[in-house]
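Visitor:
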Amino acid sequence: MLLLQVQQLSKYFGADLVLSNIKLEIREGDRAALVGRNGAGKSTLLKIIAGELSHDSGQVVKPKDVTIGYLEQHTGLESELTIWEEMLSVFSEVRNMEKELRKIEQKLSDPANYEREGAYERLLSEYDRLQEQFKKIGGYQYESDIRSVLHGFQFFEEDYDKNIARLSGGQKTRLALAKLLLSKPDLLILDEPTNHLDIETMAWLEKYLQNYPGALLIVSHDRYFLDQIVSLVYELSRHEMAVYHGNYSKYLEQKAERFEQEMKLYEKQQGEISKLQDFIQRNLARASTTKRAQSRRRKLEKMNIMDRPEGDTKSASFSFTIEKQSGNDVLSVSEASIGYNGQTLANHINMRLTRGDSAALVGPNGIGKSTLLKSIIKKIPFLSGEIRYGANVQFGYYDQEQANLSTNRTVLQELWDRYPLMKEKEVRSVLGNFLFTQDDVLKTVSSLSGGEKARLTLAILMLQKANVLILDEPTNHLDLDSKEVLENALVDYPGTILFVSHDRYFINRIATKVIELSTEGTKEFLGDYDYYVNKKTEMAELAQLQQPESKNTQVDSKHSYEQEKEKRKRERQLKRRIAEMEELVDQLEAELDIKEQLLTDPAVFNDHERTLEIHQEMERIQSEMDELLEEWTRLSETLTEYDIP
Numbered sequence: 001m002l003l004l005q006v007q008q009l010s011k012y013f014g015a016d017l018v019l020s021n022i023k024l025e026i027r028e029g030d031r032a033a034l035v036g037r038n039g040a041g042k043s044t045l046l047k048i049i050a051g052e053l054s055h056d057s058g059q060v061v062k063p064k065d066v067t068i069g070y071l072e073q074h075t076g077l078e079s080e081l082t083i084w085e086e087m088l089s090v091f092s093e094v095r096n097m098e099k100e101l102r103k104i105e106q107k108l109s110d111p112a113n114y115e116r117e118g119a120y121e122r123l124l125s126e127y128d129r130l131q132e133q134f135k136k137i138g139g140y141q142y143e144s145d146i147r148s149v150l151h152g153f154q155f156f157e158e159d160y161d162k163n164i165a166r167l168s169g170g171q172k173t174r175l176a177l178a179k180l181l182l183s184k185p186d187l188l189i190l191d192e193p194t195n196h197l198d199i200e201t202m203a204w205l206e207k208y209l210q211n212y213p214g215a216l217l218i219v220s221h222d223r224y225f226l227d228q229i230v231s232l233v234y235e236l237s238r239h240e241m242a243v244y245h246g247n248y249s250k251y252l253e254q255k256a257e258r259f260e261q262e263m264k265l266y267e268k269q270q271g272e273i274s275k276l277q278d279f280i281q282r283n284l285a286r287a288s289t290t291k292r293a294q295s296r297r298r299k300l301e302k303m304n305i306m307d308r309p310e311g312d313t314k315s316a317s318f319s320f321t322i323e324k325q326s327g328n329d330v331l332s333v334s335e336a337s338i339g340y341n342g343q344t345l346a347n348h349i350n351m352r353l354t355r356g357d358s359a360a361l362v363g364p365n366g367i368g369k370s371t372l373l374k375s376i377i378k379k380i381p382f383l384s385g386e387i388r389y390g391a392n393v394q395f396g397y398y399d400q401e402q403a404n405l406s407t408n409r410t411v412l413q414e415l416w417d418r419y420p421l422m423k424e425k426e427v428r429s430v431l432g433n434f435l436f437t438q439d440d441v442l443k444t445v446s447s448l449s450g451g452e453k454a455r456l457t458l459a460i461l462m463l464q465k466a467n468v469l470i471l472d473e474p475t476n477h478l479d480l481d482s483k484e485v486l487e488n489a490l491v492d493y494p495g496t497i498l499f500v501s502h503d504r505y506f507i508n509r510i511a512t513k514v515i516e517l518s519t520e521g522t523k524e525f526l527g528d529y530d531y532y533v534n535k536k537t538e539m540a541e542l543a544q545l546q547q548p549e550s551k552n553t554q555v556d557s558k559h560s561y562e563q564e565k566e567k568r569k570r571e572r573q574l575k576r577r578i579a580e581m582e583e584l585v586d587q588l589e590a591e592l593d594i595k596e597q598l599l600t601d602p603a604v605f606n607d608h609e610r611t612l613e614i615h616q617e618m619e620r621i622q623s624e625m626d627e628l629l630e631e632w633t634r635l636s637e638t639l640t641e642y643d644i645p
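Anchor point for the sequence shown: position 395 equals 395 in full-length UniProt numbering, and the numbering is continuous, going up by one each time.
1. Pick from Lys535, Met97 and Glu596: whose alpha carbon is nearest that of leucine 612?
2. Ignoring anything shorter than 4 residues, give me the alpha helix (DSSP H) runs that lie fully in the stretch 25-80, in order along the chain.
3. Is glutamate 335 buried or exposed, if buried means 16 or more other CB atoms sit within 10 Å of its CB?
4. Please state if the CB of tyrosine 234 and the CB of glutamate 32 are separated by a distance shorter than 9 Å.
5. Which one or two residues does DSSP pair with glutamate 386 in a beta bridge?
6. Short check: CB of glutamate 617 to CB of aspartate 128, under 9 Å?
7. Reducing DSSP to helix, strand and coil, say where phenylalanine 259 ends up.
8. Return the first residue and the last residue of the beta strand (DSSP E) that isoleucine 507 is part of.
9. Would you decide whether lysine 302 is buried or exposed? Buried here means 16 or more other CB atoms lie within 10 Å of its CB.
10. Between the stretch 14-29 and the stretch 456-469, do three or more beta carbon pairs fall short of 8 Å?
11. As an exercise, report each continuous alpha helix (DSSP H) stretch of at least 4 residues that is fully enclosed by the stretch 76-133, in chain order.
12. Is glutamate 253 close to chain D? Criterion is C-beta to C-beta, closer than 9 Å.
13. What separation, rounded to the nearest whole angstrom, lies between the Cα atoms of leucine 486 and arginine 223?
14. Just how far apart, CA to CA, sit asparagine 392 and aspartate 357?
15. What is the DSSP secondary structure of valine 393, reduced to helix, strand or coil?
16. Valine 585 and methionine 625 look like a contact to me (Cβ under 8 Å); what is the Cβ gap, rounded to whole Å?
17. Which whole-angstrom value describes the C-beta separation of lysine 513 and alanine 359, a residue pair presumed to lie in contact below a C-beta threshold of 8 Å?
18. On the three-state DSSP scale, how would you describe residue 680?
19. Enumerate, from N- to C-terminal direction, the unbroken alpha helix (DSSP H) stretches of 4 or more residues contained entirely within the stretch 397-434.
20. Identify the continuous alpha helix (DSSP H) that holds threonine 475 and give its terminal residues.
21. Taking just the CA atoms, how far does glutamine 464 sit from aspartate 30?
22. I need the boundaries of the beta strand (DSSP E) containing valine 491, first residue and last residue.
23. Figure out for me which residue from Ser449, Glu158 and Asn408 has the closest Cα to the Cα of arginine 37.
24. Taking the straight line between their C-alpha atoms, what separation do you get for valine 500 and threonine 321?
25. Mapping DSSP to helix, strand and coil, what is glutamate 235?
26. Whose C-beta lies closer than 7 Å to the C-beta of phenylalanine 506 among residues of the same chain, with five residues either side of it excluded?
27. For glutamate 28, tell me which candidate among Glu78, Lys324, Ala285 and Ser231 has the shortest Cα-Cα distance.
28. Looking only at DSSP bridge pairs, what is asparagine 163 linked to?
29. From Lys275, Glu267 and His502, pick the residue whose C-alpha is nearest to that of glutamine 400; which is it?
30. Between the C-alpha atoms of aspartate 56 and tyrosine 70, what's the straight-line distance to the nearest angstrom?
31. Measuring alpha carbon to alpha carbon, tell me which residue in Lys291, Ile349, Glu452 and Pro420 is nearest asparagine 433.
32. Decide if the stretch 176-191 is in contact with the stretch 158-168; the criterion is three or more beta carbon pairs, one per stretch, under 8 Å apart.
33. Run through DSSP, which three-state label would valine 585 get?
34. How about asparagine 467: is its Cβ closer than 8 Å to a heavy atom in the ligand FAD?
35. Roughly how many angstroms separate the alpha carbons of glutamine 171 and threonine 344, rounded to a whole number?
36. Leaving out five residues on either side along the sequence, give the residues of the same chain with a beta carbon under 7 Å from the beta carbon of asparagine 350.
This is the structure in structure tokens:
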């Protein structure tokens, strides 16, 4: 089924063409990515599809009953409700139906309805219809769905009563995405959904979207994320659209193959044209060959001449070098604590970097990764502990917030003021390598986009020639092409790197070891991101295998505080689910009693078709009860293992 069709769509902003003759189709079950450079018009196209922006020509066609959910980039959920109340609002239809079912149940228990002819049957018929619909739209599991999605976005039971208006911008963004996922539109349109998500949450979101029942259209600069989810890629380049089948890595392969094939055809045709023109020029004036020359000229005139295939638009071009080599020991941190404003974020931090290391610092949002980087470069003092620096260590620091940039200067002034001994031509040349050309260098820093500020910060960093790079989310705001250039520059960098990133593909390419930061301290894993994930999984499995052996020991000795907290949360979930199931079984038993009473009515048992119908309904009810009781038994046994009465 076709959910969305974009036909010959064009869009101008003033006199500037943004989109031209765009064609796009999304069918049921599609997992599509929309890719392209920053400024190519991806967000503009998504807004047009979502109905939030007009277009100048063309059509956006979708069936009337198709629902579209759109998450705009940098959006946040604004509400005066609590987290739980706001998530419940998604299920207003389900909850109203639930209230209606309760009302009908009350009427069914009223003896007066037995006396009025046909009243009881009509109520029962309406009850069956509503109950079937209620079950179909997830009426028996909507609260469980809310808990599952909130948990995936790192909101736990103790957060449910928090007022949304008092949350941070990142938390509001995660809640906006959570609410949209719970609404389950037929087509889910997501513009940079991984912003403000840590690695653990991104992994959860990937699995959720892989099993999402509707279609997806996603804009993301996270290659790892796209490779895990999409099977269709639309590329927006030079105002026009091209389509590729496969994930992002397949798209890159196909794009390169397509360009190579088109270039071969173009060169072949150019060779043929050259031969025809040469023949015409040499033979047109000669009487003996003029007819053949005229025939060649007609052939040339009829030929559909190909345009030269256009390769990628210009990418940034740079590399990192060092002025002098550091000692073999770069830095070591021993039993340190970090924090600010009197708040401790993490203790027992121990880490060591040697020359040539490329270490990724990972951990959940808010754990203090950026604080640790700032403590290492002495922007924030350590609360306790010791740090030692090696010989000739020179730090180059990339701040994800770009707080070091002066907003009132031009791009040219910002770079030249830092390196006043450079000639203007040299400064312009460096900026040109970072895609600041001609009048771009006269833009004020405050007017730059996030991607432009990131490129300017990288230009400043490159000129420092530091032998240790401390990078805080360097890929934020960069498009996929710029990320690849940065990756290649860092792979070839001869110094030492310590970086924070949520981009798993980037970590895989750059990291030689992963340092995990938690409230308890640091753990080191010698390998890339995939090795880190596999090792963590292996450690978790080993811990689970060892768990029964310590069953008779005290709880406090076998579990950390976090494990105990997770266990109690699981117990509460089991109790709630068991209570829900008991309520459902009671409802089904009441329904079964009603059916059994009907069979004692002479008007019913003399009607063989009606009797057969009631028996079939009773079998269905009994089957549902059996399934529920089986699950109830299993969950009750699980609860008993927790030693909970």
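Backbone N, C-alpha and C fix where the C-beta goes; we use that ideal spot for every residue, glycine too.
Guide: This is what the structure holds:
1. Position 612 of the sequence shown, counted from the start, is the residue given in the question as residue 612. It is Glu596.
2. 42-49
3. Within the sequence shown, the letter at position 335 stands for residue 335. Burial call: exposed.
4. Working through the sequence shown from its first residue, we reach residue 32 at position 32. Working through the sequence shown from its first residue, we reach residue 234 at position 234. It should be pointed out that residue 32 corresponds to alanine in this sequence rather than to glutamate. For alanine 32 and tyrosine 234, yes; Cβs fall inside 9 Å.
5. Taking the sequence shown and counting its residues from 1, one reaches residue 386 at position 386. The partner list for glutamate 386 (beta bridge, DSSP) reads Ser334.
6. Numbered from its first residue, the sequence shown carries residue 617 at position 617. Numbered from its first residue, the sequence shown carries residue 128 at position 128. Yes. Within cutoff.
7. As a working note, residue 259 is residue 259 in the sequence shown. Helix at phenylalanine 259.
8. Walking along the sequence shown from the start, residue 507 turns up at place 507. Counting along the chain, isoleucine 507 falls outside any beta strand (DSSP E), though it belongs to the alpha helix (DSSP H) covering 504-510.
9. Start at 1 with the first residue of the sequence shown, and residue 302 comes out as number 302. Per the 10 Å Cβ criterion, exposed.
10. No, because fewer than three Cβ pairs between the stretch 14-29 and the stretch 456-469 fall closer than 8 Å, the two stretches do not touch.
11. 83-88, 92-108 and 112-115
12. Structure shown: chain D not included; a single protein chain is present.
13. Residue 486 sits at position 486 when you count from the first residue of the sequence shown. Residue 223 sits at position 223 when you count from the first residue of the sequence shown. Approximately 14 Å between the Cα atoms of the pair.
14. As a working mapping, residue 392 is identified with position 392 in the sequence shown. As a working mapping, residue 357 is identified with position 357 in the sequence shown. Distance between the alpha carbons of asparagine 392 and aspartate 357: 16 Å.
15. Within the sequence shown, the letter at position 393 stands for residue 393. If DSSP states are grouped into helix, strand and coil, valine 393 belongs with coil.
16. Mapped onto the sequence shown, residue 585 falls at position 585. Mapped onto the sequence shown, residue 625 falls at position 625. Contact flag correct, Cβ pair sits at about 6 Å.
17. On the sequence shown, position 513 is the one that residue 513 refers to. On the sequence shown, position 359 is the one that residue 359 refers to. So it is a contact: roughly 5 Å between Cβ atoms.
18. Missing from the structure shown is residue 680; the chain here goes from 1 to 645 and no further.
19. 411-418 and 424-433
20. What you label residue 475 is simply residue 475 of the sequence shown in a count that begins at 1. Here threonine 475 belongs to no alpha helix (DSSP H), and DSSP marks it neither H nor E.
21. Within the sequence shown, the letter at position 30 stands for residue 30. Within the sequence shown, the letter at position 464 stands for residue 464. Going from the Cα of aspartate 30 to the Cα of glutamine 464 covers about 46 Å.
22. As a working mapping, residue 491 is identified with position 491 in the sequence shown. No beta strand (DSSP E) holds valine 491; the alpha helix (DSSP H) holding it covers 480-491.
23. Residue 37 sits at position 37 when you count from the first residue of the sequence shown. Of the listed residues, the one whose Cα sits closest to arginine 37 is Ser449.
24. Counting from one through the sequence shown, the residue named residue 500 turns up at place 500. Counting from one through the sequence shown, the residue named residue 321 turns up at place 321. Distance between the alpha carbons of valine 500 and threonine 321: 21 Å.
25. Position 235 of the sequence shown holds residue 235. The answer is strand: DSSP assigns glutamate 235 an E or B state.
26. Residue mapping note: residue 506 aligns to position 506 of the sequence shown, counting from 1. Counting only Cβ-Cβ distances below 7 Å, and skipping sequence neighbours, we find Thr475, Lys483 and Glu487.
27. For the purposes of this step, residue 28 is taken as residue 28 along the sequence shown, with counting starting at 1. Glutamate 28 has its Cα closest to that of Ser231, out of Glu78, Lys324, Ala285 and Ser231.
28. As a working note, residue 163 is residue 163 in the sequence shown. Beta-bridge partners of asparagine 163 (DSSP): Thr82.
29. Counting from 1 along the sequence shown, the entry for residue 400 is found at position 400. Closest by alpha carbon: His502.
30. What you label residue 56 is simply residue 56 of the sequence shown in a count that begins at 1. What you label residue 70 is simply residue 70 of the sequence shown in a count that begins at 1. If I take the Cα positions, the gap works out to 21 Å.
31. Position 433 of the sequence shown holds residue 433. It is Glu452 whose Cα lies nearest to the Cα of asparagine 433.
32. no
33. By one-based count along the sequence shown, residue 585 stands at place 585. Helix, per DSSP.
34. Inclusion of the ligand FAD in the displayed structure is not the case, the ligand content being empty and no account of it being possible.
35. Here residue 171 is taken as the residue at index 171 of the sequence shown, counted from 1. Here residue 344 is taken as the residue at index 344 of the sequence shown, counted from 1. Distance between the alpha carbons of glutamine 171 and threonine 344: 21 Å.
36. The residue given as residue 350 occupies position 350 in the sequence shown. Around asparagine 350, the same chain offers Val333, Ser334, Glu335, Gly521 and Thr522 as residues with beta carbons nearer than 7 Å, after the five sequence neighbours per side are excluded.
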